[in-house]
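Engineer: Residues 2 to 761 in the working numbering are what the sequence shown lists, from first letter to last.
Yeah, the Cβ is synthetic: ideal placement off N, Cα and C, and Gly gets one too.
Treat the numbers as computed from the prediction; the structure is a model and nothing was measured.
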Amino acid sequence: MNQKAILIFLLIYNYVFSQSIKVGDWRDHLSYNKVNYVIDYKNKIYASTDEALFKYNPNSERIKKINLLNKLSDIGVTYINKFSNGVIIGYSNGNIDILKDNLTINIPDLKNSSIIGSKIINKIVIDSNYAFLACGFGIVVLDLERNEIKENYFIAENASYMNIQSLIIDNEYIFASTENGIYFVNRFESNPSNYNNWVKINFRENANFNLIEKFNEYLILNKKSYELNLDTLFAYNLINDTYDIILSNRNFQNIKKYQYENNNNVYEDLIVVDRWDINIFDEELNLKNNINRQQIDVYLSDFRDVIINEMGYWIADKNNGLINFNQGVTKIIKPDGPYQSFVSEISYIDNSIFLAHGNKNENWDPTWTKSEISILNSDSWSYSNSVIVNEFWDIVSINKLGENIFLGSWQKGIGVISSEGWINIYDELNSSLQKRTSYSDWINIGDIKFDNEGNLWATNSQVSHPISKRNLSGQWTAYSLENISENQNLSKLIIDRNNQKWIQLKNNGLIVFDENRIGSKVKKLSVLESEGSLNSNRVYSIIEDLDGEIWIGSDNGVNVFYNPNQVFLGEESSKITVSLGGYNSYLLDGQTVNDIEIDGGNRKWFALNNSGVVVTSSDGLEEIYHFTTNNSPLFSNKVLDIEFNDNTGEVFMATDKGLISFRSDATKGANDFNKVIVFPNPVKRNYDGLINIKGLISNSIVKITDISGNLVFETKSNGGSISWDAINLNGEKISTGVYLVFCSNAEGDKAYVTKFLYNK
């Protein structure tokens with residue numbers, strides 16, 4: 002890298018801080034690394050990712066996120082374009098947004114239509130006051146003045162559905178590229194609504210063409226290959242029915258025209274984007290310029306789209322966000338966020354949030370996800386820069402001991418890194434870990450935990466000794482599990498206060514393991530009465546609450562072991578009976594519970610596979626919240642994992658469409674009252690949020706009085722916090738003045754007094 006020629010800036014605008022997010026508010030933690038499309042509109046650059054957009058002002062260098070929490074009506078962006086009065090956004094489910102004059106106009110007609118099958122919007126072409134949408138079933142024409150759908154074109158035989166991968170429009174014709182060739186229609190002399198008027202071009206008739214552009218007398222067509230980097234880009238002459246191959250053996254991402262002025266003349270070039278090159282051709286299809294990843298010199302650059310203006314090239318990149326390349330200088334532009342939006346596991350360790358982005362598929366095989374881990378610390382995101390380089394993929398578990406971070410891979414064993422880089426990788430050669438009996442190159446680590454003595458424990462799937470321990474001196478020990486098959490997959494692991502290990506088995510219940518027990522060291526738990534009476538053998542989550550109870554989530558609700566120290570003696574699990582609409586039912590009966598987390602008040606937070614997040618009281622009998630996509634900014638009702646920042650009460654929820662957080666009113670209880678904080682303090686005039694007190698001992702009694710000693714509010718803390726809406730015992734807003742806060746622990750032997758100023 003030439004340091005004089007290329008200067009790389011990282012322009013990250015981190016405009017939201019956890020201390021400014023109020024109790025009851027939400028914030029996104031989407032990744033803005035994978036940019037698919039880029040446009041310029043009104044001197045701003047808009048970039049779209051799979052989940053959202055961001056806008057960049059080159060003059061102020063300010064970045065603004067545009068997502069479901071502020072302007073968008075949906076998630077799953079598939080295309081963006083501009084027109085004279087705004088920006089139009091298409092989604093994977095057929096939803097449409099128009100950003101216009103700081104307003105969002107949502108057009109959900111296609112999303113809500115009765116069309117069966119894919120409604121994905123693959124491309125949007127603007128023609129005058131109309132937007133033509135290439136969709137998964139056909140073509141939709143949108144009136145941009147009336148903000149309504151004008152008509153649909155079903156172009157396949159008998160007006161059946163056909164996936165329109167791309168389309169273009171010229172003065173006479175509409176051309177549509179499909180998985181089965183190119184179709185066209187005269188837009189004025191024929192009725193495009195009649196499928197009989199669409200004609201298939203006799204060129205590579207049944208080829209899969211995913212990209213199309215009209216350039217002079219040519220159709221520029223990309224024949225998509227099902228093999229990597231074997232696409233072929235054709236220039237098909239519409240006049241004489243001949244063709245040339247422009248480029249081949251690439252993975253083409255986009256083709257488009259670029260108009261510019263020179264000496265008062267207007268010229269038009271053709272831009273071809275593949276993963277590692279941007280090629281520009283003149284009007285005669287001669288190569289005019291090339292920008293490649295060596296020139297850009299950005300780590301793992303992978304191009305998707307580009308626009309060109311007087312400030313250079315604006316490149317949409319799969320791994321690095323938006324790249325501006327101008328006269329040899331490279332700028333990386335993106336909002337702050339994690340490395341990827343998909344998160345398989347969240348861990349809260351030492352006041353930081355750690356994200357694992359790896360995964361295993363439905364067969365519990367690796368997905369070959371090559372990703373860094375993401376770390377949220379001091380309200381900014383960072384990545385581990387060396388994970389991908391070492392091909393340590395499919396990270397599904399993260400833990401930390403001292404300054405070292407331990408990574409469990411569903412493929413490569415256990416990695417250890419620090420702020421300085423890699424320390425070690427533990428595999429079959431230097432530890433007790435084993436390669437699985439089938440696909441013997443894989444070491445499947447499902448989870449890693451540390452006990453109170455600092456010993457590392459790991460689950461190791463499909464091996465003879467599926468539990469391994471590493472002590473503080475570095476010695477490894479592997480344990481076999483009686484009556485457990487060598488083909489058994491193991492995943493989640495918790496270590497309870499009795500030092501028992503509770504381990505999830507794939508479709509086979511769970512086991513409890515106690516290596517220090519005399520006699521049998523393994524207790525199998527399943528649906529059988531003799532094995533704990535679980536609701537289901539498909540267990541997905543295990544957690545110990547603040548009272549030492551073990552809560553189990555499965556594909557059929559929840560079980561609780563109230564006396565887990567008796568589990569080897571035949572303790573059975575219990576179901577929780579709740580009242581729903583006057584009828585009794587079991588808690589989350591029939592629901593798949595992907596995760597259970599416990600907040601500072603011992604309340605239970607359930608991550609559900611299809612129904613969002615349910616929050617209950619500590620005993621599970623009372624529902625506190627039920628967050629879904631209908632009543633909250635939750636990105637999806639499929640929630641994979643939940644984790645708490647015990648210090649702030651912020652709850653992180655990983656959905657299949659991205660990470661989001663909600664600031665709850667519960668934090669971890671303190672041991673004393675030495676760090677009690679009231680915030681905001683003073684409470685400013687017109688403040689519409691809650692008044693919060695944190696740093697309390699768990700289950701503290703909190704009384705608030707005016708300066709004269711009149712009681713205005715009394716409550717018990719959720720863990721170490723309370724939140725109050727400033728409404729007094731008479732149901733009225735309190736007056737301006739100084740208020741006293743009296744805190745005492747549940748036993749009454751510790752007390753504390755503080756105060757705050759309230760401005761009405």
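Where does A157 fall in DSSP's three states?
Structural biologist: Note: A157 maps to coil in three-state DSSP.
Engineer: Exposed or buried, I543, counting other C-beta atoms within 10 Å across all chains shown (16 or more means buried)?
Structural biologist: Looking at its Cβ environment, which holds 16 or more other Cβ atoms inside 10 Å, I543 is buried.
Engineer: Which runs of the beta strand (DSSP E) spanning at least 3 residues fall entirely within the stretch 180 to 227, listed in chain order?
Structural biologist: As far as the stretch 180 to 227 is concerned, its whole beta strand (DSSP E) runs of at least 3 residues are 182 to 187, 210 to 216 and 219 to 224.
Engineer: Which residue marks the beginning of the alpha helix (DSSP H) containing I76, and which one marks its end?
Structural biologist: Premise fails: I76 is in no alpha helix (DSSP H) and is neither H nor E.
Engineer: Since H627 sits in a beta bridge, which residues does DSSP pair it with?
Structural biologist: Answer is V615, bridged to H627.
Engineer: Whose C-beta lies closer than 6 Å to the C-beta of E624 among residues of the same chain, with five residues either side of it excluded?
Structural biologist: Correct list, in chain order: T617.
Engineer: Which first and last residues belong to the alpha helix (DSSP H) in which I779 is found?
Structural biologist: Within the shown structure, residues of the chain are numbered from 2 to 761, placing residue 779 beyond reach of any answer.
Engineer: Quick one: what does DSSP say V568 is sitting in, helix, strand or coil?
Structural biologist: Helix, per DSSP.
Engineer: Go through its chain and collect everything with a Cβ distance to D171's Cβ below 7 Å, but skip five positions before and after it.
Structural biologist: Around D171: K215.
Engineer: Looking only at C-alpha atoms, which of K676, K695, A667 and G738 sits nearest to R686?
Structural biologist: For R686, the nearest C-alpha among the options comes from G738.
Engineer: Could you tell me if P367 is buried or exposed, where buried requires 16 or more neighbouring beta carbons within 10 angstroms of its beta carbon?
Structural biologist: Classification of P367: buried, given that the 10 Å Cβ count is 16 or more.
Engineer: Within this structure, are the beta carbons of K225 and L212 separated by less than 9 Å?
Structural biologist: In this structure, L212 lies closer than 9 Å to K225 by Cβ.
Engineer: Is the separation between the beta-carbon of I308 and that of I694 shorter than 9 Å?
Structural biologist: No, these two residues do not count as a Cβ contact at 9 Å.
Engineer: Among W199, E190, N187 and T179, which residue has its Cα nearest to the Cα of N159?
Structural biologist: When each option's Cα is compared against that of N159, the closest is W199.
Engineer: Hey, out of S521, T593 and S474, whose CA is closest to D556's CA?
Structural biologist: D556 has its Cα closest to that of T593, out of S521, T593 and S474.
Engineer: Reducing DSSP to helix, strand and coil, say where E149 ends up.
Structural biologist: Strand.
Engineer: Just how far apart, CA to CA, sit L356 and N255?
Structural biologist: The straight-line gap from Cα to Cα measures roughly 32 Å.
Engineer: What do you reckon, is the C-beta of D275 under 8 Å from a heavy atom of the ligand GDP?
Structural biologist: Among the ligands in the structure shown, none appear at all, so the ligand GDP cannot be discussed.
Engineer: May I ask you to report which of helix, strand or coil DSSP gives S410?
Structural biologist: Strand at S410.
Engineer: Go to T737, then tell me how far its beta strand (DSSP E) extends in each direction, as first and last residue.
Structural biologist: Where T737 is concerned, there is no enclosing beta strand (DSSP E), given that its DSSP letter is neither H nor E.
Engineer: Going along the chain, which residues of its own chain have a beta-carbon closer than 8 Å to the beta-carbon of S534, five neighbours each way excluded?
Structural biologist: Counting only Cβ-Cβ distances below 8 Å, and skipping sequence neighbours, we find V528, N560, E573 and S574.
Engineer: Tell me which same chain residues have a C-beta within less than 8 Å of the C-beta of D351, skipping the five on either side of it?
Structural biologist: Excluding positions up to five away in sequence, the list reads K401.
Engineer: Straight-line CA distance for K112 to D41?
Structural biologist: For K112 and D41, the distance between alpha carbons rounds to 27 Å.
Engineer: Please report the distance separating the alpha-carbon of G25 from that of T668.
Structural biologist: Those two C-alpha atoms are separated by around 14 Å.
Engineer: Q435: which of S410, D657 and F84 sits nearest, CA to CA?
Structural biologist: That would be S410, whose Cα lies nearest to the Cα of Q435.
Engineer: Count the other CB atoms within 10 Å of the CB of E530; is the residue buried (16 or more) or exposed (fewer)?
Structural biologist: Exposed, because fewer than 16 other Cβ atoms sit within 10 Å of the Cβ of E530.
Engineer: Reducing DSSP to helix, strand and coil, say where S85 ends up.
Structural biologist: If DSSP states are grouped into helix, strand and coil, S85 belongs with coil.
Engineer: Look at the alpha carbon of N164 and the alpha carbon of E206, and state the distance between them as a whole number of angstroms.
Structural biologist: Looking at the two C-alpha atoms, the distance is approximately 16 Å.
Engineer: Taking the C-alpha atoms as reference points, what is the distance between F743 and E651?
Structural biologist: Between F743 and E651, the C-alpha separation is close to 25 Å.
Engineer: Between the alpha carbons of N223 and D306, how many angstroms are there, rounded?
Structural biologist: Cα-Cα distance, rounded: 15 Å.
Engineer: Taking only the alpha-carbon atoms, compute the straight-line gap between K413 and D298 and give it to the nearest angstrom.
Structural biologist: Distance between the alpha carbons of K413 and D298 is about 29 Å.
Engineer: Which partner residues of V24 appear in the DSSP bridge assignment?
Structural biologist: The partner list for V24 (beta bridge, DSSP) is empty, contrary to what the question assumes.
Engineer: Please report the straight-line C-alpha distance between Y268 and I106, rounded to a whole angstrom.
Structural biologist: C-alpha separation (whole angstroms): 35 Å.
Engineer: Beta-carbon separation of Y655 and S385 under 9 Å?
Structural biologist: Reading off the sequence, residue 655 comes out as Ala, not Tyr. Their beta carbons are not under 9 Å apart, which means A655 does not touch S385 by this criterion.
Engineer: Can you give me the C-alpha to C-alpha distance between L697 and F514, rounded to a whole angstrom?
Structural biologist: One C-alpha to the other measures close to 36 Å.
Engineer: Taking the DSSP output, what are the residues bridged to E715?
Structural biologist: According to DSSP, which records beta bridges pairwise, E715 is partnered with K704.
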